[in-house]
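Colleague:
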Amino acid sequence: MTAADTHVRLDRRRFVAELVSRLPDDALMVTGLGASSYDVFAAGDRPGTFYLWGAMGAAVPLALGLALAQPERPVVAVTGDGEHLMGIGALATIGAVLPPNLTVVVLDNAHFGETGMQPSHTGLGTDPVAVARGFGIPDALRITDHAQTDDLATRIRARTATTYAQVLITTGEPPRALPPRDGVSNKNTFRAALGLNTF
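Residue numbers (the working numbering): 97 to 295.
1. Apart from the five residues on each side of it in sequence, which residues of its chain come closer than 8 Å, Cβ to Cβ, to P195?
2. How many angstroms separate the CA atom of V201 from the CA atom of K283?
3. Under the rule that 16 or more other beta-carbon atoms within 10 Å means buried, what is G230, buried or exposed?
4. Would you list, in sequence order, the uninterrupted beta strand (DSSP E) runs of no fewer than 3 residues that lie entirely inside the stretch 121-173?
5. Among V104, A289, M125, which one has its Cα closest to the Cα of V156?
6. Does the stretch 237-247 come within contact of the stretch 270-283, defined as at least 3 CB pairs closer than 8 Å?
7. If you draw a straight line from the C-alpha of T245 to the C-alpha of A188, how long is it?
8. Are R108 and A131 touching if we call contact CB-CB under 8 Å?
9. Alpha carbon to alpha carbon, what distance is there between L290 and E264?
10. Does DSSP classify L248 as helix, strand or coil?
11. Between M152 and L198, what straight-line distance do the alpha-carbon atoms span, to the nearest angstrom?
12. In this structure, what does DSSP give as the bridge partners for L220?
13. Could you give the distance in angstroms between the alpha-carbon of R105 and the alpha-carbon of T266?
14. Between the beta-carbon of I233 and the beta-carbon of G185, is there less than 8 Å?
15. Note the first and the last residue of the continuous beta strand (DSSP E) segment covering I190.
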């Protein structure tokens, strides 16, 4: 039994909607492939969101680069446990630089949801919060109650410390809300939100 097994799991769509509604207008978001992208899009499309359709393991590294390049803006990576595990080594770099405007939100249902719901490592004993702290991210927490959403949003707005949040979610599968799959359009929309030229 893992530490996650002893906690209540949240409705992922509700949690993401509540978090997104509390973000400042200038927040930038990067979503991992699959459910996290669907949930963020379902919460309301924002020009400052970059949806990663199939770059497994890249959400957190991309968010790290954004946080370093845009230090005055909150940057939030929203990803799933399976996608996150593919690129978990990025936490070592985050722990080395600790950008205070970066928040990593891992929606953890302890399964690989995009490949058939096989148990993921977080369901087999891996504790992502302990891993994040081991990589040098002291502000790492586990969210097991919707009441914690306000605290997480406050941390994001404050931009005072790198934050890592493992959110325990159910394995429920709400209807898919698919963001646009046009990579060029997504890139241009996001560049415009950064005040950059599109080409």
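All residues carry an ideal CB built from backbone N, CA and C; glycine is no exception.
Modeller: Concretely, from the data shown:
1. L160, A163, L164, P167, V171, T258
2. Going from the Cα of V201 to the Cα of K283 covers about 22 Å.
3. exposed
4. Entirely contained in the stretch 121-173, the beta strand (DSSP E) runs reaching 3 residues are, in chain order, 124-127, 145-147.
5. M125
6. no
7. 26 Å
8. Closer than 8 Å, so yes.
9. According to the sequence as given, residue 264 is Leu; it is not Glu. Straight-line Cα distance between these residues: approximately 31 Å.
10. helix
11. 19 Å
12. In DSSP, L220 forms no bridge with anything.
13. 5 Å
14. no
15. Per DSSP, I190 belongs to no beta strand (DSSP E); it is in the alpha helix (DSSP H), 186-193.
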